[in-house]
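Enquirer: First the structure, which I've put down as structure tokens, then a few questions once you've had a look.
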Amino acid sequence: MAKFLIYTVLFLCCSNIVSKAQRVVAVGSGINEIVYALGASDKLVGNCVSSIYPEDAKTLPKVGYKRMLPSEGIISLKPDLVIMTDEAGPPSVVNQLDQLKIDVIKLSANRSLQNIYDSISVIAEALGKEKESFELIQHLSKQEDELKLKVAALNDQPTVLFILGHGGVARVAGYDTAADSMIKLAGGQNVFSEFKGYKPVSPEEIIKMNPDYILATNMGVDQQGGIQKFSQMNGVRDTPAARNQNILIFNSQYLLGFGPRTITAAIDLNSHFDR
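With our numbering as the guide, the letters of the sequence shown map in order to residues 83 to 357.
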């Protein structure tokens, strides 16, 4: 039977079975970017559709979306290790990989800096990149110190509304989302923090929240017809954020990927907040 490993903050040991992995499939943009940051991209034989950074990652075979993985797409790449988070699925695919004796590392999808560090350590051990892991975490820790100073320098905690426009339907971010975590990392306050996940809200609710800033992804804005149409959406146009031209657009994977670039993205977002 294949080795199926679930990693959390409390369990960070890798098996000898996966330590010699040579053909790796990375499921999740953050995982993919960690593999690249560790200098182990030569071991990658595939990744998921969201893995588009760095540029070279676009050329790898795609195994689908992390929540709807097709077993055939993964198996055809003949991997000896698949790395994913506990958000990946469906469960039947993971079970099939186990039956075929393909090792799986399942990481926590917790969106925190500590979880990024933990994921780096686990992936590095599986790929024989412990030295690179130490250097990468040291670099990111210095960035985290810089971010904390910038957050402390804010006069007030800005209120931020994140709108996810993917799929043509505008939804806002509540707690337990990548957007909520990023807003907090950058020193902001998510105006819709009383519900979990993403959901549509009325224009009146958006106006009532009175956000200082509106945050969105380039993909979401494009699917709403561009920045002009986005900024004139019902509810959006009547906010302080729109009136003061404080609508911030970021690349979706850069902003929400939670990988090696996350702290840089948080510093970037923080730089837009008034001091």
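All residues carry an ideal CB built from backbone N, CA and C; glycine is no exception.
Just tell me which of M150, A206, N300 and F332 has its CA closest to the CA of S123.
Expert: A206
Enquirer: Return the residue from the list R325, I288 and A252 that minimises the CA-CA distance to M301.
Expert: A252
Enquirer: From V164 to F332, what distance separates their C-alpha atoms?
Expert: Computed Cα separation, rounded: 29 Å.
Enquirer: Select from G210, V109, R325 and A235 the residue whose C-alpha is nearest the C-alpha of A139.
Expert: When only C-alpha atoms are compared, the closest one is V109.
Enquirer: At which residues does the beta strand (DSSP E) containing I331 begin and terminate?
Expert: It spans I329 to F332 - the beta strand (DSSP E) in which I331 sits, taken as one unbroken run.
Enquirer: In this structure, does DSSP put T299 in helix, strand or coil?
Expert: strand
Enquirer: Tell me whether T141 is buried or exposed, calling it buried when 16 or more other Cβ atoms sit within 10 Å of its Cβ.
Expert: exposed
Enquirer: First and last residue of the alpha helix (DSSP H) that includes N359?
Expert: Past the edges of the chain, shown from 83 to 357, lies residue 359, and the structure says nothing about it.
Enquirer: With DSSP collapsed to three states, give me the class of T259.
Expert: coil
Enquirer: Beta carbon of G341, beta carbon of I116: below 8 Å?
Expert: yes
Enquirer: Would you call M150 buried or exposed, if buried means 16 or more other Cβ atoms sit within 10 Å of its Cβ?
Expert: exposed
Enquirer: So which of Y336, A119 and D185 has the shortest CA-CA distance to V107?
Expert: D185
Enquirer: Start and end of the beta strand (DSSP E) containing K213?
Expert: Segment E212 to A234 is the alpha helix (DSSP H) holding K213; no beta strand (DSSP E) there.
Enquirer: What residues in its chain sit with their C-beta under 6 Å from that of S334, if we drop five residues either side in the sequence?
Expert: T299 and M301
Enquirer: Using C-beta distances below 7 Å, list every residue in its chain close to Y361, excluding the 5 sequence neighbours before and after it, in chain order.
Expert: Not covered by the structure: residue 361. The range shown for the chain is 83 to 357.
Enquirer: With burial defined as no fewer than 16 other Cβ atoms inside 10 Å of the residue's Cβ, what is the status of N328: buried or exposed?
Expert: So N328 counts as buried.
Enquirer: Please go through the same chain and pick out, in chain order, the residues whose beta-carbon is closer than 6 Å to the beta-carbon of V318, but skip the five residues on each side of it.
Expert: A324
Enquirer: Contact defined as beta carbons within less than 8 Å: I believe E212 pairs with G121. What is the distance between those atoms, to the nearest angstrom?
Expert: Not a contact, Cβ separation roughly 12 Å.
Enquirer: Starting from A347, follow the alpha helix (DSSP H) in both directions and report where the run begins and ends.
Expert: T344 to N352
Enquirer: Q271 and V242 look like a contact to me (Cβ under 8 Å); what is the Cβ gap, rounded to whole Å?
Expert: 7 Å
Enquirer: DSSP on A139, reduced to helix/strand/coil?
Expert: helix
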